[in-house]
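Numbering (this note's numbering), first residue to last: 298 to 481. Each residue gets a CB set at the ideal place from its N, CA and C atoms; glycine is no exception. Take a look at the structure set out below.
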């Protein structure tokens with residue numbers, strides 16, 4: 298009978314052999330024979346116990362495989378994320394260099410020397426103070442300086458807003474009181 302047949306058909310049990318009581322071996326041959334009998338006894342262990350040991354071993358192997366798989370998954374994701382971070386940092390550094398180069402180029406184009414040279418090449422010439430003529434446009438109001446903060450009166454600074462003039466316990470008491478009133 299094979300092990301596979303034993304696992305598939307649990308009703309089939311191996312025949313147990315009765316152990317003989319033997320005396321203490323006096324020579325080497327008898328000791329080896331006794332040892333062989335003991336090994337045979339362990340080979341004839343009940344199938345249920347063999348299955349339990351096999352199931353426990355397989356469960357341990359599966360748990361070890363699951364833990365190893367999870368560890369590899371986390372490690373791989375961490376490595377991939379690290380590589381993405383490195384590539385993004387390199388891209389940020391390249392963009393910063395490009396921005397600095399462009400700012401330098403813009404500064405060179407907007408310098409006084411460059412602007413006056415380009416204006417002269419286009420046919421413009423410097424203007425003297427007495428050659429300038431100012432024109433007044435009716436209805437045009439020049440832009441005013443922007444004010445971002447309005448000045449606050451001193452009383453506004455010291456007075457608390459009416460929404461925040463009660464404590465948590467006062468508010469809770471008022472809520473309980475309004476909930477306990479009968480509805481009309």
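With a CB to CB cut of under 8 Å and the five nearest residues on each side skipped, what residues in its chain are close to residue i?
i: residue 380; result: none
Terminal residues of the continuous alpha helix (DSSP H) containing residue i?
i: residue 477; result: 465-477
How many angstroms separate the CA atom of residue i from the CA atom of residue j?
i: residue 363; j: residue 383; result: 30 Å
i: residue 418; j: residue 429; result: 21 Å
i: residue 373; j: residue 366; result: 10 Å
i: residue 414; j: residue 442; result: 33 Å
i: residue 440; j: residue 388; result: 41 Å
i: residue 471; j: residue 480; result: 16 Å
i: residue 473; j: residue 462; result: 18 Å
i: residue 475; j: residue 464; result: 17 Å
i: residue 421; j: residue 386; result: 47 Å
i: residue 396; j: residue 416; result: 27 Å
i: residue 437; j: residue 393; result: 42 Å
If we cut at 8 Å on Cβ distances, does residue i have a partner in chain B?
i: residue 357; result: Although the question refers to chain B, the structure presented lacks it and comprises just one protein chain.
Who are the near neighbours of residue i in its chain, counting only those whose CB is closer than 7 Å to its CB and skipping five residues on each side?
i: residue 377; result: none
What residue from the options has the CA that sits closest to residue i's CA?
i: residue 423; options: 360, 433, 412 and 431; result: 412
### Task
Go through the region 380-460 residue by residue and report every complete run of the alpha helix (DSSP H) that reaches 4 residues or more, in order.
Counting whole runs of 4 or more residues, the region 380-460 contains the alpha helix (DSSP H) stretches 409-418 and 451-455.
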